[in-house]
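Under the working numbering, think of the first position of the sequence shown as 1494, with each following residue one higher.
C-beta atoms are modelled at their ideal positions from N, C-alpha and C, and glycine is treated no differently.
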Amino acid sequence: MKAVILDMYGVILKETGDGFVPYVQMTFPKLQPQDIYETWNRADIGEISSLEVWRTLGYQGNLEEIEKDYLDTIEINEEFYEFAEKIKEHFKLALISNDSSRWSKYLREKFDINKYFDVISVSGDLKIKKPDERIFNLTLEKLSLEASECIYVDDRRYNLEAANAVGMNTVLFNSREVQFEGQMVNNFGELQCKLKKA
């Protein structure tokens, strides 16, 4: 193994992405989840800006402030920092995240994590999102590695299936407490132990 590729939400961040709909519904209780997700997904593939998400959902006023208030509810998994420091001694480290360009940039800068990654692939920048296999292949190209030389870590099974399909080794980061028959870890300590054996 030469590289570890991590998902952002539900792995590096405590927020799995499932909190956005209830957050919006606190202000707009009649908005249906599918309508919220449809708008959010357009930002995830760079069709609209993240500020346009808030506007489309019905928010008015200072949208940048509204957005910052939401993003500041998101916390990082503090274990990531020690994990990244140690793993970087032996592996390349990459990120594949489904997110709007603006949200991803804000969170990565806020938590000062850009410095840990050799490659960062964000769906809003690339206009491709997981589980589309192209985002995995683009990341492999940037890493100059074969899929079999990489371990991909995500909290969603369908993303792991897509990574498997291109030939990556996969590990479920079980922050969402789901059933999984493949390799699974519950925290970064367990992941680090698994990587020592890789």
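Inter-residue spacing [alpha-carbon to alpha-carbon] between residue i and residue j
i, j, result
"threonine 1566", "arginine 1601", "14 Å"
"asparagine 1680", "tyrosine 1599", "24 Å"
"glutamate 1560", "glutamine 1676", "36 Å"
"serine 1594", "serine 1668", "24 Å"
"glutamate 1639", "asparagine 1662", "11 Å"
"valine 1612", "serine 1597", "14 Å"
"valine 1646", "glutamine 1518", "30 Å"
"threonine 1585", "lysine 1523", "A quick correction: the sequence has lysine, not threonine, at residue 1585. If I take the Cα positions, the gap works out to 45 Å."
"isoleucine 1628", "glycine 1551", "31 Å"
"lysine 1623", "asparagine 1534", "11 Å"
"tyrosine 1651", "isoleucine 1529", "21 Å"
"phenylalanine 1521", "valine 1678", "36 Å"
"serine 1641", "leucine 1688", "14 Å"
"valine 1659", "serine 1614", "16 Å"
"alanine 1655", "asparagine 1630", "11 Å"
Opposing strand residues paired with residue i [DSSP bridges]
i, result
"asparagine 1662", "Ile1644"
"leucine 1506", "Tyr1502 and Ile1569"
Assumed close pair residue i, residue j - CB separation to whole angstroms, cut-off 8 Å
i, j, result
"leucine 1684", "phenylalanine 1576", "7 Å"
"alanine 1587", "leucine 1636", "6 Å"
"aspartate 1618", "glycine 1554", "28 Å between Cβ atoms; not a contact."
"aspartate 1592", "methionine 1501", "6 Å"
"glutamate 1571", "glutamate 1508", "That pair is no contact at about 14 Å."
Which of helix, strand or coil DSSP assigns to residue i
i, result
"leucine 1586", "strand"
"methionine 1494", "coil"
"valine 1678", "strand"
"glutamine 1685", "helix"
"alanine 1691", "coil"
"glutamine 1672", "coil"
"tyrosine 1574", "helix"
"glutamate 1560", "helix"
"tyrosine 1651", "helix"
"serine 1542", "coil"
"glutamine 1518", "helix"
"asparagine 1555", "coil"
"glycine 1617", "helix"
Proximity test, residue i beta-carbon vs the ligand FMN heavy atom, cut-off 6 Å
i, result
"phenylalanine 1584", "This structure lacks the ligand FMN, and indeed carries no ligand of any kind."
Sequence ranges, alpha helix (DSSP H) only - wholly within the region 1588 to 1614, length at least 4:
1594 to 1603
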